[in-house]
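Here is the structure we will look at, set down as structure tokens.
There are 2 protein chains.
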Amino acid sequence: MPEERLPSRSENFSEWYNQLVLKAELADYAPVRGTMVVRPYGWALWENITAALDSRFKATGHVNAAFPLFIPMSFLQKEKDHVEGFSPQLAVVTIGGGEELEEPLVVRPTSETIIGHMYAKWIESYRDLPVLINVWNSVVRWELRTKLFLRTTEFYWQEGHTAHATAEEAKAETRQMLEVYADFAENEAAVPVVMVRKSESEKFAGGVNSYSIEAMMGDTRALQAGTSHYLGENFAKAFSIRYLDRDNTLQYVSTTSWGLSTRFVGAIIMVHGDDQGLVLPPRLAPFQIVIVPIHKNEEQRRAVLEQTEAIRQSLGDFRLKVDDREEVTPGFKFNDWEMRGVPLRVEIGPKDVEQGQVTLARRDEKGRTHTPAEGVAEVVRATLDEIQANMLTKAREFMRENTHDPADYAEFQEVVKAGWADVWWCAEADCEAKIKQETKATNRGIPLDQTGGEGVCIRCGDPARERAIFARAY
Amino acid sequence: MPEERLPSRSENFSEWYNQLVLKAELADYAPVRGTMVVRPYGWALWENITAALDSRFKATGHVNAAFPLFIPMSFLQKEKDHVEGFSPQLAVVTIGGGEELEEPLVVRPTSETIIGHMYAKWIESYRDLPVLINVWNSVVRWELRTKLFLRTTEFYWQEGHTAHATAEEAKAETRQMLEVYADFAENEAAVPVVMVRKSESEKFAGGVNSYSIEAMMGDTRALQAGTSHYLGENFAKAFSIRYLDRDNTLQYVSTTSWGLSTRFVGAIIMVHGDDQGLVLPPRLAPFQIVIVPIHKNEEQRRAVLEQTEAIRQSLGDFRLKVDDREEVTPGFKFNDWEMRGVPLRVEIGPKDVEQGQVTLARRDEKGRTHTPAEGVAEVVRATLDEIQANMLTKAREFMRENTHDPADYAEFQEVVKAGWADVWWCAEADCEAKIKQETKATNRGIPLDQTGGEGVCIRCGDPARERAIFARAY
Chain A
72 MPEERLPSRS ENFSEWYNQL VLKAELADYA PVRGTMVVRP YGWALWENIT
122 AALDSRFKAT GHVNAAFPLF IPMSFLQKEK DHVEGFSPQL AVVTIGGGEE
172 LEEPLVVRPT SETIIGHMYA KWIESYRDLP VLINVWNSVV RWELRTKLFL
222 RTTEFYWQEG HTAHATAEEA KAETRQMLEV YADFAENEAA VPVVMVRKSE
272 SEKFAGGVNS YSIEAMMGDT RALQAGTSHY LGENFAKAFS IRYLDRDNTL
322 QYVSTTSWGL STRFVGAIIM VHGDDQGLVL PPRLAPFQIV IVPIHKNEEQ
372 RRAVLEQTEA IRQSLGDFRL KVDDREEVTP GFKFNDWEMR GVPLRVEIGP
422 KDVEQGQVTL ARRDEKGRTH TPAEGVAEVV RATLDEIQAN MLTKAREFMR
472 ENTHDPADYA EFQEVVKAGW ADVWWCAEAD CEAKIKQETK ATNRGIPLDQ
522 TGGEGVCIRC GDPARERAIF ARAY
Chain B
72 MPEERLPSRS ENFSEWYNQL VLKAELADYA PVRGTMVVRP YGWALWENIT
122 AALDSRFKAT GHVNAAFPLF IPMSFLQKEK DHVEGFSPQL AVVTIGGGEE
172 LEEPLVVRPT SETIIGHMYA KWIESYRDLP VLINVWNSVV RWELRTKLFL
222 RTTEFYWQEG HTAHATAEEA KAETRQMLEV YADFAENEAA VPVVMVRKSE
272 SEKFAGGVNS YSIEAMMGDT RALQAGTSHY LGENFAKAFS IRYLDRDNTL
322 QYVSTTSWGL STRFVGAIIM VHGDDQGLVL PPRLAPFQIV IVPIHKNEEQ
372 RRAVLEQTEA IRQSLGDFRL KVDDREEVTP GFKFNDWEMR GVPLRVEIGP
422 KDVEQGQVTL ARRDEKGRTH TPAEGVAEVV RATLDEIQAN MLTKAREFMR
472 ENTHDPADYA EFQEVVKAGW ADVWWCAEAD CEAKIKQETK ATNRGIPLDQ
522 TGGEGVCIRC GDPARERAIF ARAY
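Read top to bottom, the protein sequences are chains A and B. Take the position in the first sequence, starting the count at 1, then add 71; the result is the number in our numbering. Take the position in the second sequence, starting the count at 1, then add 71; the result is the number in our numbering.
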């Protein structure tokens, strides 16, 4: 097993990412262009993400269900903006059971239409509302330029779809789920985010307002890491989703949809990773701890493995891997697990056995410490909490350092080459388009948390009443 | 909400099933022919099934991963029997991103081929073996005659795919996973099963040997409820999955695959359901308990709801629903939750409050009992265990009563009209086909647990060395 080193992040961030995903065995390229295999280590990370989100969805009253993969083409056409937005990206089934189909079937790119159709069937009265359903599945969007986890033809995600009696309730739901995403990102993934409202040109095809959480990657580019859409009555009208209110009057429901995908795995890699490889947050890491026994002869081996087994049992509450491979050296194992981002390494050598201690090495900081074998679980728990907190602090620091408030458009053009610009903006689509064309920076959105006051647009100088974040983005 | 009664099982078992699935809100018909929506109540049941299976898979060393939905058509053609078996059932994508594709893509009907392709890439040495991967996903097989959960164009399942250094290891894996399924079926779902080896004509397309667990439904028809296939070197040769053994010689791996699907939800419905509706096993039921508060005036209401809240807290370890709807009567609620199969109902009325008790009504037996509010959790736990055990006992009894050992073919033809026949069989495909043609009973398989000895074939009279089960099947 010859070990090839990763390119450094500063040298080639993109190649560092591509190679790391493969070497850490998170994912692999699949035979059909643009599709990926999520390998067991990557899937375990995604499963931990899904568990952390799912418990939050359930705590806010949502239930899971499953809707079909195939949507009649005519359904998409019922919402004009929706079909326009998604048409270029569709995969279409034209043959079923050996015969040409009368109506082609779309492989779902998102499920608003088919879910709208079912909701129209299920919802009759105000008593049936709200409907709060989430789905875990995969969707297909034909992509020309793909990158593992970040942009793939098929990707895994959850899509929440809710229906409400009033616009106010639907708006509150949209906001609530955005906050759920932000809470998850910061407290589980240690990924700091900004909650924003998307501009008209960046919003969801068919929606009224879109919101997202935006995160800063290690190269300072932005990544939209989760979205929540207020759809108003658009889909209710397209699919006739109506209910009888308390006064026996027929009303349209208001709907929302919100999603977070395997893109988020990419965010975790790019926010925390370093030149040695992944750095995974303890709360989501497939293995929180790796134990590496170290011995040079049979006598040491017996004593070390006995102690390893005792420590393994003391640490039974953690997600843990004992690396007792005989064919590779401890040094190889250290590098291997560092590359895979395991938050904490526990080394047990003859000296550790002798001293009744273990050696700890944190993935997020250099150096080793020793701790008595007795009571190791408490120390490990506290250390993992420290690592989790430290990762968030470091990422916040990085985001703060690389978010700028340029004085003029010249400075703006400079800072968005390697950072975010948080600026006054005139809210005109035309100005937004020109900024993109001139600087490659896109409008990431209008932060919900506005400083207040007024200013002038960073580009055109027109009066501006809101600040927006511009950055190059994935 | 007018309540329409279900047809009785004896009157029309098939319609009883179809209506029950809809009324209990387990699933619904989706717009594309043959596809289904699994509604939240049905999905919660499936999630409990997946959790019970997943923990067993992990306990036997398996990990989860995800492989793409789209498989190049040419992959299927690499294994001759495989493509023959699946060709008539394929859904094919011919358009992607607005353009005709050069090579059509198959929407996976099962993933042996694409996983074989990836294993060939990943496996190099004996050190990489065994590979023990499971996938939770959905697959598509074009079906002409569909029935919710039992046969749908798209269905949800898990598919395990393992690769081993030797045939013996692969055979042991095949057998182990069959036993995992049997253990799950009996101990979680209270569904008794027979473990069988499939005849040549009933085996998996491309496999060497197929095994299944067979369950008897409430109308005595058989249902194949889970399958485990030993694939030998067939897929290893088709996809060049080879490894260097300890002697540095290149060898083919031996592979297995095994799956259990949302069909199993159908089995639970048809094994346990009665004329009032579903009867769900406590270990898998979305709600193990429903609490129904009963009150006639405001004073009663306050006291009853206070006690309801106290009981709810005492029962916090269980999956529980409090039905405090005001717009329907307690009688309506009783029928409603009976139809949905909740194992145990806890009624709390003014008299219960007065006496410091609760009233219990089991779904699996008639009648009510009372138990002190103090210590209710222990009684409930014991009662749920009794219900679980009683359901398995009753189902076993039913299976025993309806499994026959006919003396001759005339009697065979009679008993398979409403039961299983466990008979000596000559093992000839021709005889098997004629039995099917003459009686509609198919060979469900050769039980692994054979009585030994010899006999003569129930149909042709030729010498027979194995017994097989024949029955009409879903």
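Idealized CB from N, CA, C, for every residue including glycine. Just so it is clear, the structure is predicted and the values come from calculations on it, not from any experiment.
Given that residue i touches chain B, what residues does it touch there, using C-beta distances under 8 Å?
i                      : result
residue 225 of chain A : 139, 140, 141
Using a Cβ cut-off of 9 Å (strictly closer), state whether residue i contacts chain B.
i                      : result
residue 94 of chain A  : no
residue 337 of chain A : no
residue 159 of chain A : yes
residue 192 of chain A : yes
residue 311 of chain A : no
residue 185 of chain A : yes
State the Cα-Cα distance for the pair residue i and residue j, rounded to the nearest angstrom.
i                      : j                      : result
residue 178 of chain B : residue 319 of chain B : 38 Å
residue 504 of chain A : residue 513 of chain A : 8 Å
residue 217 of chain B : residue 472 of chain B : 30 Å
residue 247 of chain A : residue 321 of chain A : 27 Å
residue 133 of chain A : residue 478 of chain A : 45 Å
residue 104 of chain B : residue 225 of chain B : 10 Å
residue 135 of chain B : residue 79 of chain B  : 42 Å
residue 458 of chain B : residue 480 of chain B : 39 Å
residue 194 of chain B : residue 484 of chain A : 49 Å
residue 327 of chain A : residue 229 of chain A : 14 Å
For residue i, which residues in the same chain have their Cβ closer than 8 Å to its Cβ, ignoring the five residues on either side in sequence?
i                      : result
residue 395 of chain B : 364, 376, 379
residue 454 of chain B : 415, 431, 433
So with CB distances below 8 Å, who are the chain A contacts of residue i?
i                      : result
residue 189 of chain B : 99, 101, 108
residue 176 of chain B : 103, 162
residue 118 of chain B : 135
Give the DSSP bridge partners of residue i, in chain order.
i                      : result
residue 535 of chain B : B:526
residue 280 of chain A : A:301
residue 235 of chain B : B:325
residue 475 of chain B : B:492
residue 430 of chain A : A:418, A:441
residue 258 of chain A : Partner(s): none; residue 258 of chain A has no beta bridge.
residue 141 of chain B : B:178
residue 518 of chain A : A:267
residue 513 of chain B : B:542
residue 403 of chain A : BP columns for residue 403 of chain A are empty, so no partner.
Just checking: is the beta-carbon of residue i within a distance shorter than 9 Å of some beta-carbon in chain A?
i                      : result
residue 525 of chain B : no
residue 305 of chain B : no
residue 114 of chain B : yes
residue 209 of chain B : yes
residue 239 of chain B : no
residue 216 of chain B : no
residue 146 of chain B : yes
residue 230 of chain B : no
Of all the CB atoms in chain D, is at least one closer than 9 Å to the CB of residue i?
i                      : result
residue 349 of chain A : Of the protein chains in this structure, namely A and B, none is chain D.
Near residue i, which residues of its chain fall below 6 Å by C-beta distance, leaving aside the five closest residues on each side in sequence?
i                      : result
residue 152 of chain B : 276, 277
residue 518 of chain A : 265, 267
residue 461 of chain B : 435
residue 93 of chain B  : none
By Cβ distance, which residues of its chain are closer than 7 Å to residue i, with the 5 residues on each side in sequence left out?
i                      : result
residue 495 of chain B : 526, 527, 528, 529, 535, 538
residue 149 of chain B : 184, 309, 310
residue 443 of chain A : 427, 428
residue 342 of chain B : 262, 286, 288, 289, 466
residue 165 of chain A : 171, 172, 175
residue 348 of chain A : 77, 91, 95, 409, 410, 411, 412
residue 383 of chain B : 362, 391, 393
What in chain B is Cβ-close to residue i, meaning under 7 Å?
i                      : result
residue 111 of chain A : 134, 135, 136, 204
residue 167 of chain A : 162, 213
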